[in-house]
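Let me begin by presenting the structure, written as structure tokens, before commenting on it.
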Amino acid sequence: MIIKARSIVPGNVSGLALVSRDPISFYGGVDPETGVIVEPGHSLEGEKISGKILIFPYGKGSTVGSYIIYRLKKRNLAPLAIVNLETEPIIVVGCVLSRIPLVDKPEANVTTIIKTGDTVTIKSAGKEAWIKVDKNGK
Amino acid sequence: MGLEEEGKEVYKEALEVVRKVSESLGSGELVPISRAHISGVSYVNIGDAGLEFIRDLAERGGRFRVATTLNPVAVDLEKWKEMDVPEEIVSKQKEIVELLVKMGAKPTLTCTPYLIDPPKRGEQVAWGESNAVLYANSVLGARTNREGGPLTILEAICGKAPYLGLRIDEGRKPTVEVYFEKEVWKAVENRKIPYSALGYSLGLAVGRGVPLLMETRLPFKHIKNFLAAVGASSSIGLVLIRGLSPEVKESNFYREKVEKISLSLTEVEDSIEKFRKKAEKADAVFLGCPHLSPSELREIFYFLEKKGWTPRKKVILSTSRWALNQVGGKICREKMDKVIILSDTCIVVSPIEYMNVKHVVTDSAKAAYYLSNKGLDVTLLPRKTILGDII
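Quick note, the sequences are listed as chains A and B, same order. Under the working numbering, the first sequence has 94 at position 94, and the numbering climbs by one with no breaks. Under the working numbering, the second sequence has 131 at position 131, and the numbering climbs by one with no breaks.
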């Protein structure tokens, strides 16, 4: 399956998906020392985002979240790429500074179509991006 | 690579980020800004991640292209010993300020830059502190979005901001008309609730967009506190107020038909329900969110003078070093035991756990919101009640 999207930060990567139906606050919600989601009650609580294709609807919370994304990248704990339904400045600032490929506005709801553990390939360049999904589950 | 070339790299990066933000939210257009105000300067808020980011920019030769001021920090840089804050926090906080100053910022360390040097009507600025954004847009008619800390730093470096939202005419049109019922005005005038409670409930009810107030009895001296409360409970960056906002004063002010909402006294009271703990149990009074202006300081000093500077409860005031100098801060800071006057900081962005305060009385709904999030008990009362009956 291939889904068209909008490119914000360019890059071509392939990896395992980690999918959240909840928005993510990087400030307070993600431990910058481990890359683990720590927000109590979050659907991904306890999951490590490092090296994953992280898929979630949009960012929320304090703008300090951009600094957390930057710190994760410097410690090699950042996600491989981020896919949002509709992104916002906290995530954009963090990803541009950290050179983490970022795409949004996919033509299908990737937070329900893609499952955690699927193999996802992102091609992001210019204005357009492509999200290729290979189902690994049953 | 020399420092100058590296500085050019930082400039290019900053421009790229600002452009990407503009592309992701709008047309991708940018507009030159005349000045910037950076929020997220307190080490308690931004932590090592923020320090590391700022250090990288400064060490790679990043410099601000426009006049840049700074929000409050975690400690009073002169009186930090009295605040009992650990030295590690103080030294990291000092490093953050030194790095930003090295990049060209003026260490105003206040959330009220509009009191010191107010921008003009129509001026495009890049402000990160929500109460300052609301004041600049609503009272002065200047133009800024709620930019957030990291973005204001990058905008100050490249001297440009995304041209969208509250920066363009289209984005400043009212989206909802808000009325407070008569009993609400009666309650604030009879000192049952502070004016900031009205701002807080408005923010909760409206959430986003541009509210228009056509009928208000808001005295000018309470506007600052009112707007700060709107900022704390919503993502609103502009409130159009008849008789105050420059745009609404114009004879050709045109409004399309928008939804009208009316807020009752019950709704206003419900919004501040959490902040109504019994005042007798409080161990301190806190005034100065946003930072107190010189005239507010003079009024509070008048009441404290009447009490011989020994109020019944500990009084914590926060203000800017600028305002304190205006009222002759050095003299009044000498003889005090139960009055703590902090500048450069406020208890919302400081590590309050070291100050031995568990329950505060305040007139600021913004402070009430953030302090109760930090686990403190809060009693929200009007300023006059606090000055007349509590201290």
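Even for Gly, the Cβ is constructed at its ideal location relative to N, Cα and C. Just so it is clear, the structure is predicted and the values come from calculations on it, not from any experiment.
As computed with DSSP, A:Gly59 is found in a beta bridge with A:Ile24.
The residue from B:Leu371, B:Glu155, B:Lys313, B:Thr345 with its alpha-carbon nearest to that of B:Leu15 is B:Glu155. Less than 9 Å separates the beta-carbon of B:Val66 from that of B:Ile33.
Contact of A:Glu47 with chain B is not assigned, every C-beta pair being separated by 9 Å or more. B:His291 is bridged by DSSP to nothing; it lacks a bridge partner. With a contact defined as Cβ atoms closer than 8 Å, B:Met103 and B:Leu57 qualify at about 7 Å.
Here DSSP, grouped into helix, strand and coil, assigns B:Lys260 to strand. The continuous alpha helix (DSSP H) containing B:Gly199 extends over residues 195–206. In this structure, the straight-line span from the alpha carbon of B:Arg143 to that of B:Pro211 is close to 16 Å. B:Glu5 and B:Val44 have their C-alpha atoms some 33 Å from each other. Runs of the beta strand (DSSP E) spanning 3 or more residues and lying entirely within the stretch 6–72 of chain B occur at 30–32, 35–38, 67–70, in chain order.
Residue range 65–74 is occupied by the alpha helix (DSSP H) that includes A:Ile68.
Within its own chain, the residues whose Cβ lies closer than 7 Å to the Cβ of B:Pro162, once the five positions on either side in sequence are excluded, are Val18, Val21, Ser22, Leu25, Gly26, Leu30, listed in chain order. Closer than 9 Å to the CB of B:Lys92 there is not a single CB belonging to chain A.
When secondary structure is reduced to three states using DSSP, A:Asn109 falls in the coil class, being assigned neither helix nor strand.
Sorting A:Gly15, A:Thr121, A:Pro23 by C-alpha distance to the C-alpha of A:Leu85 places A:Pro23 at the top.
Within the stretch 60–74 of chain A, the residues whose Cβ lies closer than 8 Å to some Cβ of chain B are Ser62, Thr63, Val64, Ser66, Tyr67, Ile68, Tyr70, Arg71, Lys74, listed in chain order. Looking at the backbone, the Cα of B:Glu305 and that of B:Thr108 are separated by about 28 Å. Partner residues in a beta bridge of B:Thr175, as assigned by DSSP, do not exist. Using a Cβ-Cβ cut-off of 9 Å, B:Asn356 does not count as an interface residue toward chain A, since no Cβ of chain A sits closer than that to its own.
If you look at B:Asp270, you'll find it in the alpha helix (DSSP H) that goes 265–271.
Here A:Leu77 is not near A:Ser43, since their CB atoms are 9 Å or more apart.
Contact of A:Pro89 with chain B is assigned, a C-beta pair being separated by under 9 Å. Every beta strand (DSSP E) stretch that sits fully inside the stretch 135–176 of chain B and reaches 3 residues is listed by chain position as 160–162. Taking 8 Å as the upper bound for CB-CB distance, A:Gly65 and A:Gly94 are in contact here, some 7 Å apart. Chain-order list of chain A residues neighbouring B:Glu155: empty, with the shortest C-beta distance near 11 Å, by a criterion of under 7 Å.
Using a Cβ-Cβ cut-off of 9 Å, B:Lys20 is close to Ile8, Val9, Val92, Val93, Cys95, Val96, Leu102 of chain A, given in chain order. Closest by C-alpha distance to B:Ser293, out of B:Gln124, B:Ser91, B:Lys221, is B:Lys221.
In the DSSP assignment, A:Ser98 falls within the unbroken alpha helix (DSSP H) covering 89–98.
For B:Ser91, the enclosing alpha helix (DSSP H) covers residues 87–102. Distance from the CA atom of B:Gly199 to the CA atom of B:Pro118, rounded to whole angstroms, is 22 Å. With its beta carbon less than 9 Å from one in chain A, B:Glu23 belongs to the interface.
Residue pairing by DSSP places A:Leu54 opposite A:Leu18, A:Ile82 in a beta bridge. The beta-carbon separation of B:Leu263 and B:Leu202, rounded to 7 Å, stays under the 8 Å limit for a contact.
If you ignore the 5 residues before and after A:Pro101, its C-beta comes within less than 7 Å of the C-beta of Val9, Pro10, Gly11, Val13, Ala81, Ile122, Ser124, all in its own chain and listed in chain order. In the pairwise beta carbon analysis, the stretch 271–289 of chain B is classified as touching the stretch 363–374 of chain B: at least three pairs are separated by under 8 Å.
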